[in-house]
Amino acid sequence: MEGKISDERFMKMSEIYEAEQKQLTARVAELNQIISTAKESTANADSFLKLVRRYTDIRELTPEIIRTFVEKVYVHQTEKVNGVKTRRIRIVFNYIGECELPME
30 MEGKISDERF
40 MKMSEIYEAE
50 QKQLTARVAE
60 LNQIISTAKE
70 STANADSFLK
80 LVRRYTDIRE
90 LTPEIIRTFV
100 EKVYVHQTEK
110 VNGVKTRRIR
120 IVFNYIGECE
130 LPME
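First residue of the sequence shown? That's 30 in the working numbering, and the numbers climb one at a time after it.
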C-alpha cells in the first residue's frame, strides 16, 4: 500500500480542502466589494475635481454654482452656547458627501 492514503485520511483532507475553498471564495467576494467601493470613491473624487476645475475663479455664488456643488444642506435649531447664539449647518456636497469645514 505504498503511496496510497486511507479512505479516512482522504475524506479528512477533502473536508479541509472544501472548507478552505469556501473561506477563500468568501474572501474573494469581500475583496471585490472593497475594490468596487474604492473605485467608486475614486470616480466620485475625479468627478468632483472636474467641477472644481470648471469653477476655479468664483467671484459670486450663484444658484447654478450651488446646485452644482451642493447636494443637501441641513440647518439645525439655534442653540445658546456660552451666552452666544449659534446655529449648526451641515453641507453634503455632490460626489464627495459631507465633510467638516473649518470653523472661523
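In this text, a Cβ means the ideal position worked out from N, Cα and C, and glycines have one as well.
Quick one, are the C-beta atoms of residue i and residue j less than 8 Å apart?
i	j	result
R119	E127	yes
K101	V121	yes
Y124	S76	yes
I95	Y84	no
Would you kindly report the start and end of the unbroken beta strand (DSSP E) that includes residue i?
i	result
K109	V99 to V110
R119	V113 to F122
Tell me where the alpha helix (DSSP H) around residue i begins and ends.
i	result
K68	D36 to R83
State the DSSP-derived secondary structure class of residue i, mapped to helix, strand or coil.
i	result
E93	helix
E127	strand
Cβ of residue i less than 8 Å from any chain D Cβ?
i	result
I94	Protein chain content of the structure displayed is limited to a single chain, and chain D is not contained in it.
Just checking residue i against the ligand ATP - is the residue's beta carbon closer than 7 Å to any of the ligand's heavy atoms?
i	result
R88	By its list of ligands, the structure shown contains no ligand whatsoever, and the ligand ATP lies outside what it can speak to.
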